[in-house]
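S.K.:
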Ligand SMILES: [Zn+2]
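In the numbering used here, the protein residues as written are 1285 to 1769.
(1) Please look up how many angstroms separate the CB atoms of residue 1400 and residue 1319, rounded, as I've assumed it's under 8 Å.
(2) Indicate the three-state DSSP secondary structure (helix, strand or coil) for residue 1390 in the structure shown.
(3) Report all residues from its chain with a CB closer than 7 Å to the CB of residue 1767; omit the five preceding and five following residues, and keep chain order.
(4) Let me make sure I understand the geometry here. Which of 1382, 1559 and 1475 has the alpha-carbon closest to that of residue 1514?
(5) Would you call the stretch 1748–1767 and the stretch 1603–1618 in contact, with 3 or more CB pairs under 8 Å?
(6) To the nearest angstrom, how far is the alpha carbon of residue 1409 from that of residue 1340?
(7) Would the beta-carbon of residue 1400 be found less than 7 Å away from any heavy atom of ligand 1?
(8) Given this structure, state the Cα-to-Cα distance separating residue 1581 from residue 1745, to the nearest angstrom.
(9) Less than 7 Å between C-beta atoms, sequence neighbours within five positions excluded: which residues of the same chain meet that for residue 1347?
(10) I need the boundaries of the beta strand (DSSP E) containing residue 1621, first residue and last residue.
(11) Would residue 1591 and residue 1550 be called neighbours here (beta carbons separated by less than 8 Å)?
(12) At which residue ranges does the stretch 1522–1547 contain complete alpha helix (DSSP H) runs of 4 or more residues, listed in the order of the chain?
(13) Between the Cα of residue 1711 and the Cα atoms of 1484, 1674, 1364 and 1658, which residue gives the shortest distance?
(14) Name the DSSP beta bridge partners of residue 1344, please?
(15) Once DSSP output is grouped into helix, strand and coil, what is the label at residue 1658?
(16) Three or more C-beta pairs under 8 Å: does that hold for the stretch 1638–1655 against the stretch 1672–1680?
(17) Find out if the Cβ-Cβ distance for the pair residue 1773, residue 1669 is shorter than 8 Å.
(18) Measure the alpha-carbon distance for residue 1285 versus residue 1747 and round it to whole angstroms.
(19) Secondary structure at residue 1369, three-state DSSP: helix, strand or coil?
(20) Return the first residue and the last residue of the alpha helix (DSSP H) that residue 1483 is part of.
(21) Which class does residue 1565 belong to by DSSP, given the choice of helix, strand or coil?
(22) Pull the bridge partners of residue 1489 from the DSSP assignment, please.
(23) Please state if the CB of residue 1556 and the CB of residue 1635 are separated by a distance shorter than 8 Å.
(24) Closer than 7 Å to a non-hydrogen atom of ligand 1 - does that hold for the CB of residue 1460?
(25) If I measure Cβ to Cβ from residue 1391 and keep anything under 8 Å in the same chain, skipping five residues before and after, which residues do I get?
(26) Examine ligand 1 and report whether any of its heavy atoms sits within less than 7 Å of the Cβ of residue 1325.
(27) For residue 1313, which option in 1402, 1370, 1335 and 1325 has the closest C-alpha, if you only look at C-alpha atoms?
(28) Considering only residues of the same chain and omitting the five flanking positions on each side of residue 1532, which have a CB-CB separation below 7 Å?
(29) Rounding to the nearest angstrom, what Cα-Cα distance links residue 1673 and residue 1667 in this structure?
(30) Roughly how many whole angstroms lie between the Cα atoms of residue 1589 and residue 1691?
(31) Whose CA, out of 1530, 1598, 1477 and 1609, lies closest to the CA of residue 1442?
(32) My understanding is that residue 1698 touches residue 1301, with C-beta atoms under 8 Å, so please give their C-beta distance in whole angstroms.
(33) Do residue 1370 and ligand 1 come close, with the Cβ less than 7 Å from some heavy atom?
(34) Return yes when the C-beta of residue 1435 is under 7 Å from any heavy atom of ligand 1, and no when it is not.
(35) I think residue 1757 touches residue 1393, with their Cβ atoms under 8 Å apart; what is that distance to the nearest whole Å?
(36) For the alpha helix (DSSP H) that contains residue 1577, what are its first and last residues?
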């Protein structure tokens, strides 16, 4: 409990953030220029950890073995409100910010082209604002800031949930960039399992002694045939797709090793997990026919994202309180220019807060924060820091990410996020209502990890690519370090 009214606490937080707008912008821009791929976010994570430590947070590094992850806590007692987000970039989308033509910072290098750099600044600045303004007010409650590596490959949060980092959490909040200021609820993203099937046989001379071989490519193809036959009998909403990543080396050698990379997707973890079981059965059949064996390597496995309606309402009220940024003519003009270059409708920037609506439409894409959302009630703050219509993972979605559009929209997002935490700290009844809406929405489904119990994070993911580009990108790193007062 805070010895302060909610309006007072929120207005202190808002003025703190306004006074630190410069630090917000520098933090967001620094992570933009680091442009680090998933699992290689060393600089980004270290910068955030040091800022949180300076603000009095206890920082745990290396959670679940993630070298670029962290869990930072502040305060004591309950409730415990977690804020989690991602800060990874994508390959090949280096783009100079503030320029509406395709123009790379470092040719061929990775870059932010969705805005996870701004997500990170929103999370960290909201956390620091809460700690700085509420520390001397008999604060009861804890904030837990969770840095989540490699969202673009759906990696980290299932490990955190599996390993207990959300066991003591009452509600979780996820800030994410968009072109509008919005809070949705309902099932919005899909469950997915990304897995390699490796087939093991025995090599032989394909002309001289094929009868001595056990053909791992035959096994792979027979599994593929079996899966094609099975497709007719899948439950509605399930999809699966694959590529062959290893098919043997040359025709006169019977392949001893082959691999196919499969994706299984669907509206819920409880239908996707059995689909993976079925695929294993089919692979087993293929191996029986060919005398081969197989093993699987799960790259990623996530639950669908479920956003809680009660949390969404609280977020929406705070979004309405904060309001949209005041865009200048210059910012609106840049947005229209960029939309024209990207071949999209020239609508400029969004002017109004998005009204609260009924349940969202579930889309087939996934996010690794889904696991969190089935463990505890979760809300997402969509904040307006990018240009409407520009497609994510396209250079045009990177062109505004270190401009005043990102800074102003991100700062507004940090305010709405921190204000939502204040409401949960001050109103125990709100937490009760949230618990009951969560149990209604999950309807008896108990969370279980889709990843293996002993599975370890893929530490080498993206390392070679990042090591190749980092020395060139370093020349563009910002000199000024963000400092929160
Ligand atoms: Zn994202």
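Even for Gly, the Cβ is constructed at its ideal location relative to N, Cα and C.
M.R.: Reading off the structure:
(1) Your numbering for residue 1400 matches position 116 in the chain shown. Your numbering for residue 1319 matches position 35 in the chain shown. Taking a contact as a CB-CB distance under 8 Å, the pair residue 1400 and residue 1319 does not count as one, their CB atoms being some 10 Å apart.
(2) Translated into positions along the chain shown, residue 1390 becomes position 106. Here residue 1390 sits in coil by DSSP.
(3) One-based indexing of the chain shown puts residue 1767 at position 483. Excluding positions up to five away in sequence, the list reads 1307.
(4) Start at 1 with the first residue of the chain shown, and residue 1514 comes out as number 230. Of the listed residues, the one whose Cα sits closest to residue 1514 is 1559.
(5) no
(6) Here residue 1409 is taken as the residue at index 125 of the chain shown, counted from 1. Here residue 1340 is taken as the residue at index 56 of the chain shown, counted from 1. Each residue's alpha carbon lies about 13 Å from the other.
(7) Indexing the chain shown from 1 puts residue 1400 at position 116. The closest heavy atom of ligand 1 lies less than 7 Å from the beta carbon of residue 1400.
(8) Translated into the one-based positions of the chain shown, residue 1581 becomes position 297. Translated into the one-based positions of the chain shown, residue 1745 becomes position 461. Using only the alpha carbons, I get a separation of about 14 Å.
(9) By one-based count along the chain shown, residue 1347 stands at place 63. Excluding sequence neighbours, residue 1347 sits near 1353, 1354, 1355, 1444 and 1449.
(10) Here residue 1621 is taken as the residue at index 337 of the chain shown, counted from 1. Where residue 1621 is concerned, there is no enclosing beta strand (DSSP E), although the alpha helix (DSSP H) it sits in stretches over 1613–1625.
(11) Stepping through the chain shown from its first residue, residue 1591 is reached at position 307. Stepping through the chain shown from its first residue, residue 1550 is reached at position 266. No, they are not a contact pair.
(12) Listed in chain order, there is nothing to give.
(13) Start at 1 with the first residue of the chain shown, and residue 1711 comes out as number 427. Ranking the options by Cα distance to residue 1711, first place goes to 1364.
(14) Taking the chain shown and counting its residues from 1, the one referred to as residue 1344 is at position 60. DSSP output for residue 1344 lists 1355 as bridge partner(s).
(15) As a working note, residue 1658 is residue 374 in the chain shown. It is helical.
(16) Segments in contact, no.
(17) The structure shown does not extend to residue 1773, since the chain is modelled only from 1285 through 1769, so no value can be given for it.
(18) Locating residue 1285 in the chain shown gives position 1, where the first residue counts as 1. Locating residue 1747 in the chain shown gives position 463, where the first residue counts as 1. Any reading at residue 1285 is ruled out, since the residue's pLDDT is 48, under 50, leaving its predicted position unreliable.
(19) For the purposes of this step, residue 1369 is taken as the residue at position 85 of the chain shown. Here residue 1369 sits in strand by DSSP.
(20) For this step, residue 1483 is matched to residue 199 along the chain shown. No alpha helix (DSSP H) holds residue 1483; the beta strand (DSSP E) holding it covers 1475–1484.
(21) Along the chain shown, one-based indexing puts residue 1565 at 281. Reduced to three states, the DSSP call for residue 1565 is helix.
(22) In the chain shown, residue 1489 corresponds to position 205, counting from 1. Answer by DSSP bridge pairing, in chain order: 1537.
(23) On the chain shown, position 351 is the one that residue 1635 refers to. On the chain shown, position 272 is the one that residue 1556 refers to. Cβ atoms of residue 1635 and residue 1556: not closer than 8 Å.
(24) To locate residue 1460, count along the chain shown from 1; it is residue 176. Answer for residue 1460: yes, Cβ within range of ligand 1.
(25) Mapped onto the chain shown, residue 1391 falls at position 107. These residues qualify, in order along the chain: 1378.
(26) In the chain shown, counting from the first residue as 1, residue 1325 sits at position 41. No, ligand 1 has no heavy atom inside 7 Å of this Cβ.
(27) Here residue 1313 refers to the residue found at position 29 of the chain shown. Cα-wise, what sits closest to residue 1313 is 1402.
(28) Along the chain shown, read from residue 1 onward, the residue named residue 1532 stands at position 248. Same-chain partners within the cutoff: 1501, 1539 and 1542.
(29) Your numbering for residue 1673 matches position 389 in the chain shown. Your numbering for residue 1667 matches position 383 in the chain shown. Rounded to whole angstroms, residue 1673 to residue 1667 spans 15 Å at the Cα level.
(30) One-based indexing of the chain shown puts residue 1589 at position 305. One-based indexing of the chain shown puts residue 1691 at position 407. So the alpha carbons of these two residues sit roughly 27 Å apart.
(31) On the chain shown, residue 1442 is found 158 positions in, with the first residue counted as 1. Comparing Cα-Cα distances from residue 1442 to each of 1530, 1598, 1477 and 1609, the minimum goes to 1477.
(32) One-based indexing of the chain shown puts residue 1698 at position 414. One-based indexing of the chain shown puts residue 1301 at position 17. Indeed, because the Cβ distance is near 6 Å, the residues count as touching under 8 Å.
(33) Your numbering for residue 1370 matches position 86 in the chain shown. Within the cutoff, so yes.
(34) Within the chain shown, residue 1435 is the residue found at index 151, counting from 1. Residue 1435: yes, Cβ under 7 Å from ligand 1.
(35) Sequence index remark: in the chain shown, residue 1757 carries index 473 (1-based). Sequence index remark: in the chain shown, residue 1393 carries index 109 (1-based). The pair is a contact, with the Cβ atoms about 6 Å apart (cut-off 8 Å).
(36) Within the chain shown, the letter at position 293 stands for residue 1577. Element bounds for residue 1577: not the alpha helix (DSSP H) but the beta strand (DSSP E), 1577–1586.
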